[in-house]
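Note sheet for the following structure.
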Amino acid sequence: MHARFAPVRDHFHDLLASGRETGAGLTIWYDGQPAVDLIGGSRGGHGPGGTPWLPDTLVNVYSVGKPVAALCLLVLVDRGTVELDAPVDRYWPEFRTPATVRQVLSHTAGLPAFPVPRPASAITDWALLTGDLAAADPEWSPGSVAGEHAWTYGHLVGEVVRRVDGRSVGRFLAEEIADRWQLDLGFGLAEADQLRCADLRYGDPQWPSRKLGEPGSLRARALGNPAGGLDLAVLNSPLWRGAEMPAVNLHATASSLARLYAGLLAGGVLDGVRLVSPDLIAEATRVQYDGPDLVLDRPVQWTLGMQREPDGSWGMGGIGGSSAWADPERGYTFAYATAHLAEHDRVDELVEALHSVL
1 MHARFAPVRD HFHDLLASGR ETGAGLTIWY DGQPAVDLIG GSRGGHGPGG
51 TPWLPDTLVN VYSVGKPVAA LCLLVLVDRG TVELDAPVDR YWPEFRTPAT
101 VRQVLSHTAG LPAFPVPRPA SAITDWALLT GDLAAADPEW SPGSVAGEHA
151 WTYGHLVGEV VRRVDGRSVG RFLAEEIADR WQLDLGFGLA EADQLRCADL
201 RYGDPQWPSR KLGEPGSLRA RALGNPAGGL DLAVLNSPLW RGAEMPAVNL
251 HATASSLARL YAGLLAGGVL DGVRLVSPDL IAEATRVQYD GPDLVLDRPV
301 QWTLGMQREP DGSWGMGGIG GSSAWADPER GYTFAYATAH LAEHDRVDEL
351 VEALHSVL
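With UniProt numbering applied, the sequence shown covers 1 to 358.
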């Protein structure tokens, strides 16, 4: 690591020493090259301190996976097999909501929550959950307002991918993106990869109830169904790790997430392999919706799969503290992947340290 970035490294180590972080990876690319690549803490397991976090440790990064799911669909848009402004039912005839592919990608389709209460075991039943969404009535007129499609996003995007391409979104990601760009990440892990996973843990036992909000609220419905998405017994199980819940169960390393954004920032080319065109990246990172988000309960700028910040950066944070994005103005990509479920103050402080040296 270049000495210039020592304050970032020092703060990462301070987070671990203080106990505010117990297991994480941090990777930063600057000016098209890896500049910071750090790991620390434990991935869980038995014994004093647990098993050390390794360079190939995978962790569930929650909504950081949404742009990755979106990228699968955008690859098909780039190839001309899907049109952004086509109605979803052109590709998925049973789908009743009059939304376009663009509206699905930008969280304005009106389906932020699965409509039928389902147990945790339903996360493995793709046909059941996509059938629920196909038959649902939207919560608002598509395109009129946004609400993060917290648990549903990956099924909406992923079913269009499956209907057009024939492969599940997890298989499409593995074969068309992860293999081609050499990324260590995936939806629906094989048994061997599950053995590399860090166990999620609560930074605060009250974390799940604080995140869900008021019982019966749109946020609670969006985050609480199917059940188990905030429950450690489910999250650390083979059931969760082997299922495809693309909105929230990408398992990844920080180094692969930073590498993915580096490829997008470079116009869709990484190590000579083009994934999508620069024109599509420009469209995908443009603001598609700017206004209140009914699930997040704050103003948001949504692109095609990502949030855009006022400084022009684009990417996604996940509930629990993981985050990944690109900052075109400053020329870096950043990824933080944590097993310690808490707030985003850790990332905010690391970014402050990073910006102080750029």
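All C-beta atoms, glycine included, are put in the ideal place defined by N, C-alpha and C. Since the structure is predicted, the reported quantities are computational estimates derived from the model, not experimental observations.
With a cut-off of 7 Å, does the C-beta of Pro112 fall near any C-beta of chain E?
Among the protein chains of the structure shown there is no chain E, as only one such chain exists.
Put Ser356 into one of helix, strand or coil per three-state DSSP.
Along the sequence shown, read from residue 1 onward, the residue named residue 356 stands at position 356. The answer is helix: DSSP assigns Ser356 an H, G or I state.
Taking the alpha-carbon positions, what's the Ala109 to Asp14 distance?
Position 109 of the sequence shown holds residue 109. Position 14 of the sequence shown holds residue 14. Their backbone Cα atoms lie some 42 Å apart in a straight line.
How would you label His155, buried or exposed, when you count the other beta carbons within 10 angstroms and need 16 or more for buried?
In the sequence shown, residue 155 corresponds to position 155, counting from 1. His155 comes out buried.
Comparing alpha-carbon positions, which option in Thr338, Val64 and Pro55 lies nearest Ala324?
Your numbering for residue 324 matches position 324 in the sequence shown. It is Val64.
Nearest to Gly19 by CA position, among Gly229, Leu128, Asp348 and Tyr202, is which residue?
Position 19 of the sequence shown, counted from the start, is the residue given in the question as residue 19. Taking only the C-alpha atoms, the option nearest Gly19 is Tyr202.
Between the alpha carbons of Arg330 and Asp31, how many angstroms are there, rounded?
Mapped onto the sequence shown, residue 330 falls at position 330. Mapped onto the sequence shown, residue 31 falls at position 31. One C-alpha to the other measures close to 9 Å.
Only counting the same chain, and skipping five residues up and downstream in sequence, which positions put a Cβ closer than 7 Å to that of Ala254?
Counted from its first residue, the sequence shown places residue 254 at position 254. Taken in chain order, the residues that qualify are Gly25, Leu26, Thr27, Ala335, Tyr336 and Ala337.
Would you mind working out which of Gly80, Asp179, Arg167 and Gly166 sits nearest Leu270, comparing C-alpha positions?
Reading the sequence shown from its first residue, position 270 is the one you call residue 270. The residue with the shortest Cα to Cα distance from Leu270 is Asp179.
Applying the criterion that 16 or more other CB atoms from any shown protein chain within 10 Å of the CB defines a buried residue, is Asp132 buried or exposed?
If you number the sequence shown from 1, residue 132 lands on position 132. It counts as buried.
Buried or exposed for Arg162, please, with buried defined as at least 16 other CB atoms from any protein chain shown within 10 angstroms of its CB.
Here residue 162 refers to the residue found at position 162 when the sequence shown is read from its first residue. Arg162 comes out buried.
If you draw a straight line from the alpha carbon of Asn249 to that of Glu159, how long is it in whole angstroms?
Residue numbering aside, residue 249 sits at position 249 when the sequence shown is read from its first letter. Residue numbering aside, residue 159 sits at position 159 when the sequence shown is read from its first letter. So the alpha carbons of these two residues sit roughly 16 Å apart.
If you draw a straight line from the C-alpha of Pro138 to the C-alpha of Arg102, how long is it?
Start at 1 with the first residue of the sequence shown, and residue 138 comes out as number 138. Start at 1 with the first residue of the sequence shown, and residue 102 comes out as number 102. Whole-angstrom Cα-Cα distance: 16 Å.
Hey, how far is the Cα of Leu76 from the Cα of Leu275?
Translated into positions along the sequence shown, residue 76 becomes position 76. Translated into positions along the sequence shown, residue 275 becomes position 275. Their Cα atoms are separated by approximately 10 Å.
Can you tell which of Thr130, Pro119 and Trp302 has the C-alpha that lies nearest to the C-alpha of Asp231?
Position 231 of the sequence shown, counted from the first residue, corresponds to residue 231. Per the Cα distances, Pro119.
If you count every other CB in all the chains shown that lies within 10 Å of the CB of Gly170, and 16 or more means buried, which is it?
Counted from its first residue, the sequence shown places residue 170 at position 170. Counting Cβ neighbours within 10 Å, Gly170 comes out buried, since at least 16 surround it.
Roughly how many angstroms separate the alpha carbons of Ser42 and Trp53, rounded to a whole number?
Translated into positions along the sequence shown, residue 42 becomes position 42. Translated into positions along the sequence shown, residue 53 becomes position 53. Approximately 5 Å, taken between the alpha carbons.
Val59 by DSSP, collapsed to three states: which one?
Residue numbering aside, residue 59 sits at position 59 when the sequence shown is read from its first letter. Residue state, collapsed to three classes: strand.
If you run the structure through DSSP and keep just helix, strand and coil, what is Asp204?
Looking up residue 204 in the sequence shown gives position 204. Note: Asp204 maps to coil in three-state DSSP.
Looking at the structure shown, is Ser323 part of a helix, part of a strand, or coil, going by DSSP?
Along the sequence shown, read from residue 1 onward, the residue named residue 323 stands at position 323. It is a strand residue.
Take the Cβ of residue 362 as the centre, count every other Cβ of all protein chains shown within 10 Å, and call the residue buried at 16 or more, exposed below.
The question about residue 362 has no answer, for the chain in this structure spans 1 to 358.
How is Phe334 classed by DSSP in three states: helix, strand or coil?
Taking the first residue of the sequence shown as 1, we reach residue 334 at position 334. Phe334 falls in the strand class under three-state DSSP.
Please report how far the alpha carbon of Ala342 lies from the alpha carbon of Gly228, in whole angstroms.
Mapped onto the sequence shown, residue 342 falls at position 342. Mapped onto the sequence shown, residue 228 falls at position 228. Ala342 and Gly228: Cα-Cα distance of roughly 17 Å.
Could you tell me which residues DSSP pairs with Ile39 in its beta bridges?
Here residue 39 is taken as the residue at index 39 of the sequence shown, counted from 1. BP columns for Ile39 point to Gly25.
Taking Gly23 as the reference, which of Asp290, Ala190 and Asp56 has the closest Cα?
Position 23 of the sequence shown holds residue 23. Checking every option, the nearest Cα to that of Gly23 belongs to Asp56.
Between the Cα of Thr285 and those of Pro205, Ser106 and Ala252, spot the shortest distance and give me the residue it belongs to.
Counting from one through the sequence shown, the residue named residue 285 turns up at place 285. Ranking the options by Cα distance to Thr285, first place goes to Ser106.
Can you tell me whether Thr81 is buried or exposed, with buried defined as 16 or more other CB within 10 angstroms of its CB?
To locate residue 81, count along the sequence shown from 1; it is residue 81. It counts as exposed.
Return the CA-CA distance between Asp85 and Val104, expressed in angstroms with no decimal places.
The count along the sequence shown starts at 1 and reaches residue 85 at position 85. The count along the sequence shown starts at 1 and reaches residue 104 at position 104. Those two C-alpha atoms are separated by around 10 Å.
Of all the options Asp199, Ala136, Thr100 and Phe114, which has the alpha carbon lying nearest to the alpha carbon of Asn60?
On the sequence shown, position 60 is the one that residue 60 refers to. It is Asp199.
Cα separation between Arg259 and Trp29?
For the purposes of this step, residue 259 is taken as the residue at position 259 of the sequence shown. For the purposes of this step, residue 29 is taken as the residue at position 29 of the sequence shown. Each residue's Cα considered, the two are about 7 Å apart.
Run through the DSSP bridge pairs and tell me what Met316 is partnered with.
Residue numbering aside, residue 316 sits at position 316 when the sequence shown is read from its first letter. According to DSSP, Met316 bridges with Ala324.
Along the chain, where does the alpha helix (DSSP H) containing Val300 start, and where does it finish?
Position 300 of the sequence shown, counted from the start, is the residue given in the question as residue 300. Segment Arg298 to Trp302 is the beta strand (DSSP E) holding Val300; no alpha helix (DSSP H) there.
Assign Asp345 to buried or exposed, taking buried as 16 or more other Cβ atoms, counted over all protein chains shown, within 10 Å of its Cβ.
Counted from its first residue, the sequence shown places residue 345 at position 345. So Asp345 counts as exposed.
Would you list, in sequence order, the uninterrupted alpha helix (DSSP H) runs of no fewer than 4 residues that lie entirely inside the segment 124-184?
You should have 126-135, 153-165 and 169-172.
Does DSSP classify Val50 as helix, strand or coil?
Start at 1 with the first residue of the sequence shown, and residue 50 comes out as number 50. Rather than Val, the amino acid found at residue 50 in this sequence is Gly. Coil at Gly50, not helix or strand.
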